[in-house]
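Residues 38 to 542 in my numbering are what the sequence shown spells out, letter by letter.
We put the CB at the ideal spot given by N, CA and C, even for glycine.
None of these values were measured; they are calculated from a predicted model.
Below you'll find the structure, written out as structure tokens, and then a few comments.
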Amino acid sequence: MGETVYLGLGSNLGDRQANLLQALQKLRVHARIVRVSATYRTRPFGAVSGPEFLNAAVAVETELEPPAFERALRRVEEAVGRQRGDLGVGVKAPTAARCIDIDILLWGERCADFGRFSVPHPYLAQRPYNLVPLAEIAADVCEPRSGHTIGALAAAVNVSGIERQRRGLHFQTDRQEQEPEVHLALDRVGVSGVRRMLRLDLGGREQTLVGEFSMLADLRPEQSGVHMSRFSELLEEALLDVLEESEPLRAEELSARVARAIVVSQRASRAEVRLRADFGLERWTPVSGKRGEEMYALIGLACADARSNGGHEPVLRRAVGVEAEGMTACPCAQAMVREHSLRALIDAGFDEAAAQRALDALPVATHNQRGRGTLLVGLVEESPESVQPETLVEIVENAMSSETYGLLKRPDEFFVVNKAHQNPKFVEDVVRGILARALDVYADFPDQTFLAATQINYESIHKHDALAEAYGTFGELRRELGGERVPCKTDLQSWLAAYPTRALR
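Below is the structure:
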């Protein structure tokens with residue numbers, strides 16, 4: 038663990054809120070963010086004129102020494118768009134307008150001069166725009182030069198002209214609240230394709246991934262539309278909250294936070310958030326043993342429903358899943374090739390028993406497909422453990438004729454092709470295999486747990502693709518495996534409406 042450093046951030050050019058958020062994201066390359074204050078609107082300090090500033094304070098932990106960290110901060114400023122320069126020969130403007138400014142305010146208990154900067158910041162006690170945000174996250178921290186706490190220093194300065202802002206981007210409009218021409222409720226309205234950098238817990242390891250969100254809410258018949266801008270605003274707030282926490286969230290937990298916030302902000306009865314992010318797992322080629330990283334898709338799904346709890350605190354439903362690629366070999370074409378080969382061998386003089394033995398010993402030709410399988414597990418309160426994405430990947434890959442690899446040397450290529458042709462699968466076989474294996478792996482999960490599997494095979498000789506899917510609760514699927522006919526199993530939307538996981542807090 039590194040030393041705790043307190044920074045002051047300010048912006049008064051361009052999209053100020055976005056500049057601060059972008060700086061926070063880029064800071065994560067050099068430090069672990071511990072806490073972030075709210076933003077404060079402040080008038081330019083002293084006699085400097087210009088637009089109002091947005092200021093914030095952030096606590097970080099870094100392993101870098103102060104000079105190296107200060108250089109890293111300058112690179113962050115430049116990456117956000119900071120242009121450096123003088124107002125005139127020999128004239129500096131430390132409080133002039135800029136799109137981003139990052140100052141080191143405190144560095145633990147150090148008192149030191151590093152030439153370009155000092156710690157604590159020499160003018161901290163005179164800067165209300167730094168002290169007020171800093172006091173929000175470090176009121177009891179002592180400023181080592183004066184011996185006073187940050188809270189005491191903030192209480193001693195003039196705070197007129199400093200106004201605490203709500204987080205995010207807020208737009209004042211009531212057009213969406215007006216009545217529409219057609220009074221019909223809509224089930225799902227929102228935004229999709231929203232991409233963000235994320236800090237996630239992936240199998241107990243923290244990883245930074247690029248995620249894509251869809252965020253949806255229901256719409257009352259008397260309301261014209263949802264507030265589209267609020268979806269992005271709520272997502273930014275949730276990501277900031279995660280930055281402040283010591284531990285990252287799993288994908289389904291992050292989706293749940295956003296879903297709950299949407300219900301409250303949009304005054305909706307129900308909200309659904311789906312996160313999809315690509316992630317890598319370490320793999321070795323089967324024969325040559327070459328190390329590589331295979332890419333998969335992680336799915337985190339959450340639904341917050343106020344109707345399930347009498348209109349009070351929304352109730353959460355969550356699911357986690359993966360998408361994985363593999364290979365299938367067609368059993369139908371293989372059976373025809375085998376039958377034809379058997380007749381050809383007999384015509385060539387082999388007796389039938391010898392011909393059968395020869396065909397049993399050799400892989401028989403068929404056409405194959407690149408397949409993409411999806412597995413989704415819906416969790417309930419009684420689920421005994423979290424579901425790890427790596428386990429889900431193995432379930433999906435093992436249901437196909439063979440796994441595939443980004444890197445294949447010639448012996449590996451032979452292994453994959455031979456394995457697939459020794460293990461032919463219809464698209465239907467893959468889905469059934471995924472479901473059966475998931476029920477075995479999670480045998481101690483309760484009957485209310487939801488399970489869904491989808492497989493799409495991209496055909497090589499046909500001008501269409503093959504698709505199969507199945508779903509149901511663990512209880513329904515278990516009964517069906519036991520011989521009971523279950524004609525109408527629970528789909529995802531029905532499960533989300535019927536099985537609350539827990540009330541969000």
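- Counting along the chain, where does the alpha helix (DSSP H) carrying phenylalanine 482 start and finish? As a working mapping, residue 482 is identified with position 445 in the sequence shown. No alpha helix (DSSP H) contains phenylalanine 482, which DSSP labels as neither H nor E.
- Any idea if cysteine 136 is buried or exposed, counting beta-carbon neighbours within 10 angstroms, 16 or more meaning buried? For the purposes of this step, residue 136 is taken as residue 99 along the sequence shown, with counting starting at 1. Under this definition cysteine 136 is a buried residue.
- Message: Output needed for threonine 486: all residues of its chain with C-beta closer than 8 Å, excluding positions within five of it in sequence on either side, in chain order.
- Response: By one-based count along the sequence shown, residue 486 stands at place 449. Cβ within range, chain order: Val414, Gly415, Leu416, Val417, Ser420, Tyr479, Thr510 and Phe511.
- Message: Let's test the definition: count the other Cβ atoms within 10 Å of the Cβ of arginine 153 and tell me whether it reaches 16, buried, or not, exposed.
- Response: Reading the sequence shown from its first residue, position 116 is the one you call residue 153. So arginine 153 counts as exposed.
- Task: Report the three-state DSSP secondary structure of tyrosine 166 (helix, strand or coil).
- Result: Stepping through the sequence shown from its first residue, residue 166 is reached at position 129. Correct three-state label for tyrosine 166: helix.
- Message: Does the region 312-328 come into contact with the region 393-409, if we say contact requires no fewer than three beta-carbon pairs (one atom in each stretch) closer than 8 Å?
- Response: Look at the beta carbons and you see the region 312-328 not touching the region 393-409: under three pairs across the two are nearer than 8 Å.
- Give the range of the beta strand (DSSP E) segment to which glycine 47 is assigned. One-based indexing of the sequence shown puts residue 47 at position 10. Unbroken beta strand (DSSP E) run through glycine 47: 40-48.
- According to DSSP, residues forming a beta bridge with threonine 510: Within the sequence shown, numbered from 1, the residue matching residue 510 stands at position 473. As computed with DSSP, threonine 510 is found in a beta bridge with Phe487.
- Rounded separation between leucine 91 and threonine 76 - CA only: Stepping through the sequence shown from its first residue, residue 91 is reached at position 54. Stepping through the sequence shown from its first residue, residue 76 is reached at position 39. For leucine 91 and threonine 76, the gap between their C-alpha atoms comes out near 6 Å.
- Item | Counterpart residues of glycine 577 in DSSP-defined beta bridges | Any answer about residue 577 is impossible in this case: the structure gives the chain only from 38 up to 542.
- Item | Strand pairing of asparagine 435, partner residues [DSSP] | Counted from its first residue, the sequence shown places residue 435 at position 398. For asparagine 435, DSSP assigns no beta-bridge partner whatsoever.
- When the Cα atoms are used, what is the spatial distance from lysine 129 to valine 424? As a first step, residue 129 must be located in the sequence shown, where it is residue number 92. As a first step, residue 424 must be located in the sequence shown, where it is residue number 387. Residue confidence is low: lysine 129 scores 44 on pLDDT, short of 50, so the model does not pin down where it sits. Its coordinate-derived value is still stated next. Lysine 129 and valine 424: Cα-Cα distance of roughly 56 Å.
- Query: Do you know offhand how far arginine 287's Cα is from valine 310's?
  - Reply: For the purposes of this step, residue 287 is identified with residue 250 of the sequence shown, where counting begins at 1. For the purposes of this step, residue 310 is identified with residue 273 of the sequence shown, where counting begins at 1. In a straight line, the C-alpha of arginine 287 is about 14 Å away from that of valine 310.
- Query: What residue range is occupied by the uninterrupted beta strand (DSSP E) comprising aspartate 397?
  - Reply: By one-based count along the sequence shown, residue 397 stands at place 360. Here aspartate 397 belongs to no beta strand (DSSP E); instead the alpha helix (DSSP H) covers 389-398.
- Message: Any contact between the region 113-120 and the region 158-166? By contact I mean 3 or more CB pairs, one from each, below 8 Å.
- Response: Between the region 113-120 and the region 158-166, the count of C-beta pairs closer than 8 Å stays below three; the two stretches do not touch.
- Own chain residues within Cβ distance below 7 Å of arginine 182, not counting five before or after: Locating residue 182 in the sequence shown gives position 145, where the first residue counts as 1. In the same chain as arginine 182, and ignoring 5 residues on each side of it, the C-beta atoms closer than 7 Å to its own belong to Cys148 and Pro157, in chain order.
- Decide if glutamine 530 is buried, meaning its Cβ has at least 16 other Cβ atoms within 10 Å, or exposed. As a working note, residue 530 is residue 493 in the sequence shown. With a threshold of 16 other beta carbon atoms within 10 Å, glutamine 530 falls short and is exposed.
- With a threshold of 16 other CB atoms inside 10 Å of the CB of aspartate 384, please say whether the residue is buried or exposed. If you number the sequence shown from 1, residue 384 lands on position 347. Here aspartate 384 is exposed: its Cβ has fewer than 16 other Cβ atoms, across all protein chains shown, within 10 Å.
- Message: So, with DSSP's three-state summary, where would you put leucine 246?
- Response: Start at 1 with the first residue of the sequence shown, and residue 246 comes out as number 209. DSSP places leucine 246 in strand when its eight states are reduced to three.
- Item | N- and C-terminal bounds of the alpha helix (DSSP H) containing alanine 191 | Within the sequence shown, residue 191 is the residue found at index 154, counting from 1. Start and end: 187-192.
- Once you ignore the five residues that flank glycine 39 on each side, which residues in its own chain have a CB closer than 8 Å to its CB? Taking the first residue of the sequence shown as position 1, residue 39 is located at position 2. Correct list, in chain order: Ala68, Arg69, Glu98, Thr99, Glu100 and Leu101.
- Message: Counting only C-beta atoms, is glutamine 425 closer than 8 Å to chain D at any point?
- Response: Checking the listed chains, one finds no chain D in this structure; it contains a single protein chain.
- Exposed unless 16 or more other CB atoms sit within 10 angstroms - verdict on lysine 500: As a first step, residue 500 is located in the sequence shown; it is residue number 463 there, counting from the start. Exposed: under 16 other Cβ atoms inside 10 Å.
- Item | Short Cβ contact (8 Å threshold) for serine 292 with alanine 334 | For the purposes of this step, residue 292 is identified with residue 255 of the sequence shown, where counting begins at 1. For the purposes of this step, residue 334 is identified with residue 297 of the sequence shown, where counting begins at 1. No, the Cβ-Cβ distance between serine 292 and alanine 334 is not below 8 Å.
- Return helix, strand or coil for aspartate 177, following the three-state DSSP convention. Start at 1 with the first residue of the sequence shown, and residue 177 comes out as number 140. If DSSP states are grouped into helix, strand and coil, aspartate 177 belongs with coil.
- Task: Could you name the residues that DSSP lists as bridge partners for tryptophan 144?
- Result: Position 107 of the sequence shown holds residue 144. BP columns for tryptophan 144 point to Val42.
- Message: By the DSSP assignment, the beta strand (DSSP E) with leucine 151 in it spans what residues?
- Response: Taking the sequence shown and counting its residues from 1, one reaches residue 151 at position 114. Reading off the sequence shown, one finds phenylalanine at residue 151, where the question assumed leucine. Run containing phenylalanine 151: none; DSSP gives neither H nor E here.
- Less than 8 Å separating the beta-carbons of leucine 239 and phenylalanine 316? Taking the sequence shown and counting its residues from 1, the one referred to as residue 239 is at position 202. Taking the sequence shown and counting its residues from 1, the one referred to as residue 316 is at position 279. Cβ atoms of leucine 239 and phenylalanine 316: closer than 8 Å.
- Query: Between isoleucine 174 and the rest of its own chain, which residues show a CB-CB distance below 7 Å, the 5 nearest in sequence each way excluded?
  - Reply: In the sequence shown, counting from the first residue as 1, residue 174 sits at position 137. Same-chain partners within the cutoff: Arg72, Ser74, Ala94 and Ala96.
- Can you tell me which of Pro88, Arg80 and Val401 puts its alpha carbon nearest to the alpha carbon of asparagine 167? Taking the sequence shown and counting its residues from 1, the one referred to as residue 167 is at position 130. Comparing Cα-Cα distances from asparagine 167 to each of Pro88, Arg80 and Val401, the minimum goes to Arg80.
- Query: Should the region 251-270 be regarded as contacting the region 213-229, the criterion being three or more beta carbon pairs within less than 8 Å?
  - Reply: Yes: at least three Cβ pairs fall under 8 Å.
- Task: Report the three-state DSSP secondary structure of phenylalanine 268 (helix, strand or coil).
- Result: Within the sequence shown, numbered from 1, the residue matching residue 268 stands at position 231. Assignment of phenylalanine 268 by DSSP, reduced to helix, strand and coil, places it in the helix class.
- Query: Leaving out the 5 sequence neighbours to the left and right, which residues in its chain are closer than 8 Å to threonine 186 when beta-carbon positions are compared?
  - Reply: Working through the sequence shown from its first residue, we reach residue 186 at position 149. So the qualifying residues of the chain are Ala176, Asp177, Val178, Cys179 and Glu180.
- Message: Count Cβ pairs between the region 517-533 and the region 490-500 that sit closer than 8 Å; are there 3 or more?
- Response: With contact defined as three or more Cβ pairs closer than 8 Å, the region 517-533 and the region 490-500 are not in contact.
- Could you tell me the boundaries of the beta strand (DSSP E) in which valine 117 lies? Indexing the sequence shown from 1 puts residue 117 at position 80. Per DSSP, valine 117 belongs to no beta strand (DSSP E); it is in the alpha helix (DSSP H), 103-117.
- Message: What does the alpha-carbon distance come out to for the pair glycine 519 and tyrosine 508?
- Response: Reading the sequence shown from its first residue, position 482 is the one you call residue 519. Reading the sequence shown from its first residue, position 471 is the one you call residue 508. Taking the straight line joining both Cα atoms gives about 16 Å.
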